[in-house]
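Mapping the sequence shown onto full-length UniProt numbering, position 42 (from 1) lands on 42, and the numbers just tick up by one. Where a beta carbon is used, it is the ideal one built from N, C-alpha and C, also for glycine. Everything below concerns the one structure shown next.
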Amino acid sequence: MSMQITKLRIKGYRKFRDMEFRPHPRSNIIVGANGSGKSTILEALIMVLTGRIGRLRAVDEINPYWFNQANVDEFFNQKSVGASVPMPDFRIDVHLRTRNKQLEAMRGVHNLSEEDSVGMSIRAYPDPAYAQEIENYFSVEGWPRILPVEYYRVDWLDFSGGPIFKTPKGLGVSIIDGQAVFSRNGLDAHTRQLLDQRIDEKAKVGISVEHRKMRSTLGGDVLKGINKQLGREAQEAGSVGVGIQVDQSRSASWDATLIPEIGGIPLGLAGQGAQVTAKTILALNQSHANVSCVLIEEPENHLSHTKLRILLDLVSKNVGDQQLFVTTHSSFVLNRLGLDHLAMLRSGEIRKFDQLSPETVEYFQKLSGFDSLRLLLADLAVVVEGPSDEIVFNRFFKDRFGVEPLDQGIDVVTVGTSFARAFELADRLGIRLAALRDNDGESASHWEEKSTQYLEPGHRQFFIGDKGLGHTLEPQICNANKAEALRELFDLDPGTDVESWMTGNKTTAALKIAESQSKILPPVYFNEAFDFLMSPPGSRSS
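Shown next as structure tokens:
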């Protein structure tokens, strides 16, 4: 690997007032709720490493909505009462580790951290050359609450303080946007870049020469006939002769004509899932000497579960020593690539999970279908053993509080018997978690011992039924209610044992409870969990 990103610092850009991210040297899976800033991180990396945002140069595309809204609001609030305050700016630093001598020339201390490091920056700030215009702008009454970015400048600099005019050699970056779809008119900018990086210089020259030969002979007789006709018409009109010829300029180069294909079908006409996979293959098959960093945005877009698994296996096997950044909304992607590479965005900060136990990481990789993101993104969560537990929990909660758990910001997640794994994640996230499980004939302390290092009263607690009231959920419900009330709810014959029927028909019983017009009482440990969930953080529950 010729280059590795060691630190990203974002100050005043979009979502982030001041954020620092130290990426994993190999893989980084970036997750967070909608609007948390996942795409902004990739956008910031791309802007600094390539000088571009989308297809355009950042210096030409500055936008008032790039600036952190809290900073902008604070500026205008102070400006509106006559305060003399500086206009908002933003800066993004990318610190690099490299053995490339050319990149070493970018070493210096001109960065937000004032560290001696190789790196690059993008900075947007009011241009001093427009100081008078800015003063005039705000001297007129009724100025709009939007930054006049026409008076700003954007600098693309390295850490030595010198300007950057194009992406330095050795700074190879591949960008795969799972949302972008090719048009039939050509390739998106990122794919054109992938192709350009994939084909070596000698091959490009050879293709260009052959392409120029082809154009020079294109439709010779046809063009002669057309030009002859145009010449006669011009002569009759008494004007200068006009004709047409094949464009031989560099702007008519081969790369605007040649396109990728899949099975003989132009890529622009292939399915969207095939397009995402093709772009990933193009990126990962490049020489690792040319590309050190691969950025993939939401690889799950347009892919079935099976195709997504194939794609992720492809990524895992072929990424080599390239540094990988992936944003995702998919628990499958997260579990498959490894929770220890997770970077979790919450409240403008990044939390990493590289301290998770190897056993927990391996567990979720094998159980790729587990909805880990629901747990990770929750502010307050409940984990239960199975679907029937989840169904009755939601009904009992609504009976007591009049609303569903989700209406109170509580996610209920089925985890099987993986309670210790769930507690480990919750401990790392710092979220409150209640776990409800069957006692299976053991004391509560027996089960708590397996997760004791993660339990904390008022924050992360186990709720387990008294084994004297039954070993599983069904007898616990029977002991909390009169047999006749349950018999009527389940429409059972007088001779049918209610507890035996419920135990043998767990899901059916749970659904009947959920759909019933009448209420039944929850087991005691459910009420204890409700008290915990609806109490302030840190409050102790029994």
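Histidine 110 sits in coil when the DSSP states are folded into three classes, being neither helix nor strand. Judged by DSSP in its simplified three-state form, asparagine 77 adopts helix. DSSP places glutamine 517 outside both helix and strand once states are collapsed to three, so it counts as coil. In terms of Cα proximity to valine 384, the closest of Met502, Ile207, Asp438 and Trp156 is Asp438. One alpha carbon belongs to serine 160, the other to alanine 343, and they sit about 30 Å apart. In this structure leucine 45 touches valine 94 by the C-beta definition: roughly 6 Å separates them, less than 8 Å. Contact fails between the region 28-36 and the region 51-66, because fewer than three Cβ pairs, one in each stretch, are under 8 Å apart.
In this structure, the CA atom of serine 516 is about 15 Å from the CA atom of serine 388. For glutamine 476, the uninterrupted alpha helix (DSSP H) segment begins and ends at 473-480.
By the criterion of a C-beta distance shorter than 6 Å, asparagine 68 is surrounded in its chain by Gly12 and Arg17, once the five residues flanking it on both sides are discounted. Annotation for glycine 504: the continuous alpha helix (DSSP H) segment containing it runs 498-504.
When the beta-carbon positions are compared, arginine 22 and serine 113 stay at least 8 Å from each other.
A residue is called buried once 16 or more other Cβ atoms fall within 10 Å of its Cβ, and threonine 277 is buried on that count. Contact annotation: tryptophan 156 and valine 59 have beta-carbon atoms nearer than 8 Å.
Within the DSSP secondary-structure output, tryptophan 156 pairs in a beta bridge with Ile122.
Under the Cβ criterion (8 Å, minimum of three pairs), the region 502-522 does not count as touching the region 343-354.
Taking 8 Å as the cut-off, the beta carbon of valine 315 is found closer than this to the beta carbon of threonine 280. Leu380 is the residue among Lys467, Glu449 and Leu380 whose C-alpha sits nearest the C-alpha of leucine 425. A Cβ-Cβ separation of about 18 Å leaves leucine 406 out of contact with alanine 422 under the 8 Å criterion.
If you check the CB distance, lysine 467 and serine 451 do not come in under 8 Å. Rounded to whole angstroms, the gap between the alpha carbons of cysteine 293 and glycine 386 is 41 Å.
The C-beta separation of glutamate 298 from threonine 328 comes to about 6 Å, placing the pair in contact by the 8 Å criterion. In the displayed model, histidine 95 falls within a strand according to three-state DSSP. Inclusion of glycine 54 and threonine 167 in the CB contact set at 8 Å is not warranted, their separation being larger than that value. For alanine 70, the secondary structure class from DSSP, reduced to helix, strand or coil, is helix. Residue burial annotation: asparagine 77 is exposed, with fewer than 16 other C-beta atoms found within 10 angstroms of its C-beta. Going by C-alpha positions, methionine 106 is about 14 Å away from isoleucine 122.
Exclusion of the five residues before and after arginine 57 leaves Gly51 as the residues of its chain whose Cβ lies within less than 8 Å of its Cβ. The residues Phe396, in chain order, have a CB closer than 6 Å to that of phenylalanine 526 in the same chain once the five nearest residues on each side in sequence are set aside. Taken through DSSP and simplified to helix, strand or coil, alanine 278 comes out as helix. For aspartate 177, the uninterrupted beta strand (DSSP E) segment begins and ends at 173-177. Within the same chain, Met3, Leu49 and Leu103 come within 7 Å of leucine 171 by CB-CB distance, once the 5 residues on both sides are set aside. For phenylalanine 165, no pairing in a beta bridge is given by DSSP. In this structure, DSSP gives valine 294 an extended state, which the three-state scheme calls strand. In the DSSP annotation of this structure, the continuous segment of the beta strand (DSSP E) that includes alanine 343 starts and ends at 342-346. For methionine 47, there is no enclosing beta strand (DSSP E); the enclosing alpha helix (DSSP H) covers residues 38-50.
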